[in-house]
Structures are given as structure tokens and as C-alpha cells.
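Visitor: Under the numbering used here, the letters of the sequence shown match residues 155 to 345, in that order.
Cβ coordinates follow ideal geometry from the N, Cα and C atoms, glycine included.
Here the structure is a predicted model, which is why all the values come from computation and not from measurement.
Structure in C-alpha cells, see below.
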Amino acid sequence: MAKKTIERGFCALCGRALLSPEGICTLSDGNQVCSKCIRRLRVMLPLIVSVDSNGIIKLRNDTMQKLNLAEAKQKMQNVTAYTEKLRANYQNANAVFAVDQVQTEKGGFLKPTIYYATGRVIYGYFDPADQVQLKHGGNAFDLELKNVLKIGSISASFGNNTVQGIGGTQCVLQFSGKGIECAPGDLIVRR
Ligand SMILES: [Zn+2]
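This is how it looks when you write it as C-alpha cells:
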């Protein structure tokens, strides 16, 4: 079935028509912001959610919704400089992920352990098949991301919950490998 694309007004930041399937953000003064602008601003205005073991969202705190239009415009002007400053703090890596929680699963006969690292993307983007480096204590492990999953969806029963890990959001990075060590506080970095 084709998705309906009825207009819902216009983005207050870029003027683009808002389409009904896209996620929008309503600011504190009622102005609406499109998904493209949300993607750009998110790094400065994180979305914080917590989920229960069934993947149900228990708490959702969107710092973007607290802004009015003037403040959102100001943030948009600063977002490039803000991200460049973050990059400089992390040796100019393209993307950085901070691990909050680690779950593991047996990989099966002769297969390495599967890791699910829940955490937040500090900046940049993560996608399945990205080549990354896991920094654990003084060690670094080179890995390929098997998948990037919606937060809370760590099991096959959630079906296809692949997402792009976007700066300012939480997600789950799935990977496997022999001799890997991963713990809360580790960083996963894409060069
Ligand atoms: Zn927009």
C-alpha cells in the first residue's frame, strides 16, 4: 500500500512542506520542524528515551521540543561549528558512540559471541557494515558493525528494526568477533 503524503503545513526552519509519513517535532511555541532539520539539530538537542525489556518506551525526553522558533534558528546557525568542535575533541573521527550497556548472545557452534552495545551517538552517523574501532581501556578492536538497531530491540522477535544511528540519539550497535572486550564507558569510533 502506498504511503499517503498529505501536507501538514511547512517546516518553520527550512520552509519545506511537511509530509504525513515523516517524523516532525513541535516546538514549545507550536511551530513545526521537518525530519531533515531534526536530523541536523539532533546532535545539539538529544532525544533521551528509556525502554523496558519489551522495547516499550517508558520515558521520552525531547530537548528540541523545549525550544521556541527563535532558539531553534539560533541552534541551526551554530550546529556546524558545534559538531566541528566535537570532532576536534575526538581526533577528528567521523562518528563517535558512547556505550552505556552491553548484552551478549552465544554465536553458535564455533561462532564468536554476538555483542549488543546500547548507548548514544555523540555525533556523526552509524550504519550497518560500517568499519569501526571499539576502544576498551587501552585496547582497540577493529570491527564491522553487523547491524544498527532501534533502542530496546535486542532480539529477533523485534523483526527488522534497523535504523541509522544519528548524532544525539540512542541506538544499539550489533557486532561480533573473537577476543573482544566491551563494557559501559567504552567508545565506538568510525574514522
Ligand atoms: Zn526543515
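Starting from the N-terminal side, write out each stretch of the beta strand (DSSP E) that is 3 residues or longer and does not extend beyond the region 248-308.
Guide: 249-259, 268-277, 285-290, 293-298 and 301-303
Visitor: At a cut-off of 7 Å, is L167 close to ligand 1 when judged by its beta-carbon and the heavy atoms of the ligand?
Guide: yes
Visitor: Compare the Cα-Cα distances from Q257 to each of G184, L173, G306 and G163 and report the closest residue.
Guide: Ranking G184, L173, G306 and G163 by Cα distance to Q257 puts G306 first.
Visitor: Of the choices R193, Y270 and G169, whose alpha-carbon is the least far from that of C336?
Guide: Y270
Visitor: Using a Cβ distance threshold of 8 Å, determine whether the region 281-293 contacts the region 170-181, with at least three qualifying pairs required.
Guide: no
Visitor: Can you tell me which residues form a DSSP beta bridge with Q186?
Guide: T180
Visitor: What number of angstroms, rounded off, separates the C-alpha of N232 from the C-alpha of F263?
Guide: Using only the alpha carbons, I get a separation of about 51 Å.
Visitor: Would you list the one or two residues that DSSP bridges to V205?
Guide: I211
Visitor: What is the DSSP secondary structure of L199, reduced to helix, strand or coil?
Guide: coil
Visitor: Pull up the distance between the alpha-carbon of M155 and that of T237, whole angstroms please.
Guide: Residue confidence is low: M155 scores 49 on pLDDT, short of 50, so the model does not pin down where it sits. Its coordinate-derived value is still stated next. Distance between the alpha carbons of M155 and T237: 39 Å.
Visitor: How big is the Cα-Cα spacing for V302 and E161?
Guide: Between V302 and E161, the C-alpha separation is close to 30 Å.
Visitor: In terms of residues, what are the limits of the alpha helix (DSSP H) holding A226?
Guide: L223 to N243
Visitor: Residues bridged to V343 by DSSP?
Guide: V250 and Q287
Visitor: Among residues of its own chain, excluding the 5 on either side of K300, which ones have a beta-carbon nearer than 6 Å to its beta-carbon?
Guide: Q328 and F329
Visitor: Suppose the cutoff is 6 Å on Cβ atoms and the five residues either side in sequence are ignored; what does the same chain contact list for G278 look like?
Guide: Excluding residues within five positions, the ones whose Cβ falls inside 6 Å are N248, A249 and G321.
Visitor: Could you tell me which residues DSSP puts in a beta bridge with A337?
Guide: Beta-bridge pairing links A337 to no other residue.
Visitor: Report whether the distance from the Cβ of V233 to the nearest heavy atom of ligand 1 is below 7 Å.
Guide: Not under cutoff, so the answer is no.
Visitor: Rank E259, V317, I334 and A242 by C-alpha distance to the C-alpha of G291 and give the top, closest one.
Guide: It is I334.
Visitor: Name the two residues that bound the continuous beta strand (DSSP E) containing S330.
Guide: Q324 to S330
Visitor: Please classify G319 as buried or exposed, where buried requires at least 16 other C-beta atoms within 10 Å of its C-beta.
Guide: buried
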